[in-house]
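What follows is a set of notes on a single structure, which appears directly below.
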Amino acid sequence: MQRSDRRSFLKMAGTSLGIGVLYTAVPAAAASGEIGEMFDFTGKKNGERVTPFTFVQLSDAHVGFNGPPDPLGTKAFERAVEMINQLPQQPDLVLFTGDLTHDSEEKDVHAQRMKQFLEISRRMKVPKIMYVPGEHDAGLDGGTLYREFLGESNYSFDHRGVHFIALDNVSRAKPEVGPEQIAWLKKDLARFPKSAPIVVFTHRPLFDLRPEWEWFTSDGDEVMDVLSPYENVTVLYGHIHRDHEQEQGHVHHYAARSLIFAFPDPENAPEKKPIPFDKDHPFKNLGIRMVHEKVGARPLLNSVAVEDVELTVREFSGINGVQQILKNPSL
Amino acid sequence: MIPALLLLVFSLGAPHKAQADENPRVIEITAKRFGFTPNQITLKKGETVKLRLTSEDVTHGFFLRPLKIDEEIVPGKTTELTLRPETAGTFTTICDHFCGVNHGNMKMTIVVE
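Sequence order for the protein chains is R and E.
Counting from 1 along the first sequence, just add 25 to a position and that's the residue number in this note's numbering.
Counting from 1 along the second sequence, just add 27 to a position and that's the residue number in this note's numbering.
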């Protein structure tokens, strides 16, 4: 098998809808007749055949946040949960990329916010929901409360042939992963071939997106040194409360919108201030990407009617792990 | 008070060995949730200055990527930095050690003329 074939064995599509991010990973070469060969290859190497599945990324609910600009509290988060439960094709899993709660110096208050977050989150009819903390969850206490509720903040697991890695870049109080976790990451990845499909989910961007807005991870370059030899790596993160896509060699980075308020484009904004609340469009800029995918067919848009949600359609489909490459302008 | 002496001299882009003036101008900067005092300082290009950083409450960060500054300001200690900026500009320094609800807005400006 040629190198390019090994690298193009998954297909991913997404559509912007309003809240959260929904990814579908399907065999890209389904129509080419090569898929069996590729799956045989990846199955041998990874121990599990890659099979089509769907997952959702949600981020930055900030449960407990009650200041301007957002007077709606958890409404966007709850709406996202409803939307996911109404999807015709239920996702296999949800990845929540941090800032589940808004911080409080009173432990009891923060614990109550965590309970409220989990009460809403567990309404999702999804078999598996996986989390990483944001700085508002774990920055003040080094992640103690987070771990009491949700267990370890960095871990990995395999799902249908894709390797998922949860990285914690908030619990050390500074925007960093730390040498211990980087050593763990090297060890975790050592058993995989360079062609393995890998999804990293974390809170802060692993690159210098806007350091003066604290949109960076100080040792992100060291993390990328570990990830970059792998050919199919997708990094999903939150923190910046807006869409962003970046490519670094084989690694593609995608930010999710938030479920509380949006930040502006730093290229056009003089300072980091939330976009003002628009009462006529309360969920504006709290976006979503959603996919309906059939093996061997072009991606289709699921029609999801969401009252009050700004509907902006943006579909991506492509290859290379769970990465977005080709835009589909017809949707 | 335990001084944490971090005698570093930076030019914009790359740190280099200190060739600091014997008696550089000293600028005291205090960190307190959720701001720095003063919140703006002005330096001259090529001037050696010493920043003396202290915290009045919790641990804060002092981070400025273009100057390769990444320090902690721990209560009860003084963190000292020696700078000699070589490029003019306006730079935003942030607290990058999470310190509470308004941490994300804790910043100050360094102007180099």
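We treat Cβ as the ideally placed atom computed from N, Cα and C, and that holds for glycine.
Through-space distance from residue j to residue i, alpha-carbon basis
i: R:K140; j: R:R147; result: 10 Å
i: R:G164; j: R:W238; result: 16 Å
i: R:G203; j: R:N194; result: 8 Å
i: E:P93; j: R:P254; result: 28 Å
i: R:P77; j: E:F89; result: 46 Å
i: R:F174; j: R:A136; result: 9 Å
i: R:S57; j: R:V276; result: For R:S57, the pLDDT reaches just 41, beneath the cut-off of 50, and the residue's location in the model is therefore unreliable, although a value from the coordinates is still provided. Spanning the two alpha carbons is a distance of roughly 25 Å.
i: R:F90; j: E:T86; result: 23 Å
i: R:H87; j: R:A191; result: 19 Å
i: E:G116; j: E:L80; result: 22 Å
i: R:L252; j: E:N50; result: 47 Å
i: R:K304; j: E:T120; result: 34 Å
i: R:Q271; j: R:H278; result: 5 Å
i: R:Q206; j: R:N179; result: 8 Å
i: E:N132; j: E:G62; result: 8 Å
i: R:D250; j: R:V258; result: 12 Å
i: R:T169; j: E:N129; result: 21 Å
i: E:E83; j: E:I56; result: 11 Å
i: R:E288; j: R:I145; result: The question names Glu, but residue 288 of chain R in the sequence shown is Phe. For R:F288 and R:I145, the distance between alpha carbons rounds to 24 Å.
i: R:T67; j: R:V224; result: The pLDDT assigned to R:T67 is 45, lower than 50, so where the model puts this residue is not dependable; a value taken from the coordinates is nonetheless given after this. Near 16 Å, if we compare the C-alpha coordinates of R:V224 and R:T67.
i: R:A208; j: E:F125; result: 24 Å
i: E:E99; j: E:I54; result: 17 Å
Residue i (DSSP reduced to helix, strand or coil)
i: R:A191; result: strand
i: R:V151; result: coil
i: R:T169; result: helix
i: R:Q141; result: helix
i: E:M133; result: coil
i: R:A221; result: coil
i: E:R111; result: coil
i: R:F102; result: helix
i: E:R92; result: helix
i: R:V157; result: strand
i: R:E107; result: helix
i: E:A58; result: strand
i: E:S82; result: strand
i: R:Q82; result: strand
i: R:Q206; result: helix
i: R:M37; result: Confidence is the limiting factor: at R:M37 the pLDDT is only 34, short of 50, which leaves the residue's position unreliable, though a coordinate-based value still follows. R:M37 falls in the strand class under three-state DSSP.
i: R:D133; result: helix
i: R:S146; result: helix
i: R:D162; result: helix
i: R:F182; result: strand
i: R:L311; result: coil
i: R:F302; result: coil
i: E:D97; result: strand
i: R:L214; result: helix
i: E:F63; result: strand
i: R:L97; result: coil
i: R:F121; result: strand
Residue-chain proximity (residue i, chain C), Cβ-Cβ < 9 Å
i: E:T114; result: The structure shown has no chain C; the protein chains it does contain are R and E.
CB contact below 9 Å: residue i versus chain R
i: E:F118; result: yes
i: E:E140; result: no
i: E:N66; result: no
i: E:K59; result: no
i: E:T69; result: no
i: E:K77; result: no
i: E:R92; result: yes
i: E:N132; result: yes
i: E:G127; result: yes
i: E:D84; result: no
i: E:G88; result: yes
i: E:I56; result: no
Short CB-CB distance (under 9 Å) between residue i and chain E
i: R:I127; result: Note that residue 127 of chain R is His in the sequence shown here, rather than Ile. Chain E, which has a Cβ nearer than 9 Å to the Cβ of R:H127, makes this yes.
i: R:L192; result: no
i: R:A280; result: no
i: R:V272; result: The displayed chain sequence assigns Glu, not Val, to residue 272 of chain R. It does not; no Cβ of chain E falls within 9 Å.
i: R:A402; result: Since the first residue of chain R shown is 26 and the last is 356, residue 402 of chain R is not available in this structure.
i: R:W238; result: yes
i: R:F232; result: no
i: R:A208; result: no
i: R:K199; result: yes
i: R:F102; result: no
Ignoring anything shorter than 3 residues or poking outside the segment 225 to 299 of chain R, list the beta strand (DSSP E) runs there in chain order.
If we require 3 residues or more, the beta strand (DSSP E) runs fully inside the segment 225 to 299 of chain R come out as 257 to 262, 269 to 273 and 276 to 280.
Would you check if the segment 109 to 124 of chain R and the segment 153 to 163 of chain R touch, i.e. whether three or more CB-CB distances between them fall below 8 Å?
yes
Would you call the segment 211 to 219 of chain R and the segment 131 to 140 of chain E touching, i.e. three or more CB-CB distances under 8 Å?
Three or more Cβ pairs closer than 8 Å define a contact, and the segment 211 to 219 of chain R falls short of that threshold against the segment 131 to 140 of chain E.
Take every Cβ of the segment 258 to 270 of chain R, pair it with every Cβ of the segment 227 to 236 of chain R, and state whether three or more of those distances are shorter than 8 Å.
yes
Any 3 or more C-beta pairs closer than 8 Å across the segment 70 to 80 of chain E and the segment 105 to 112 of chain E
yes
So, does the segment 289 to 302 of chain R touch the segment 98 to 106 of chain R, judging by three or more C-beta pairs under 8 Å?
Flag = no, the segment 289 to 302 of chain R and the segment 98 to 106 of chain R do not touch.
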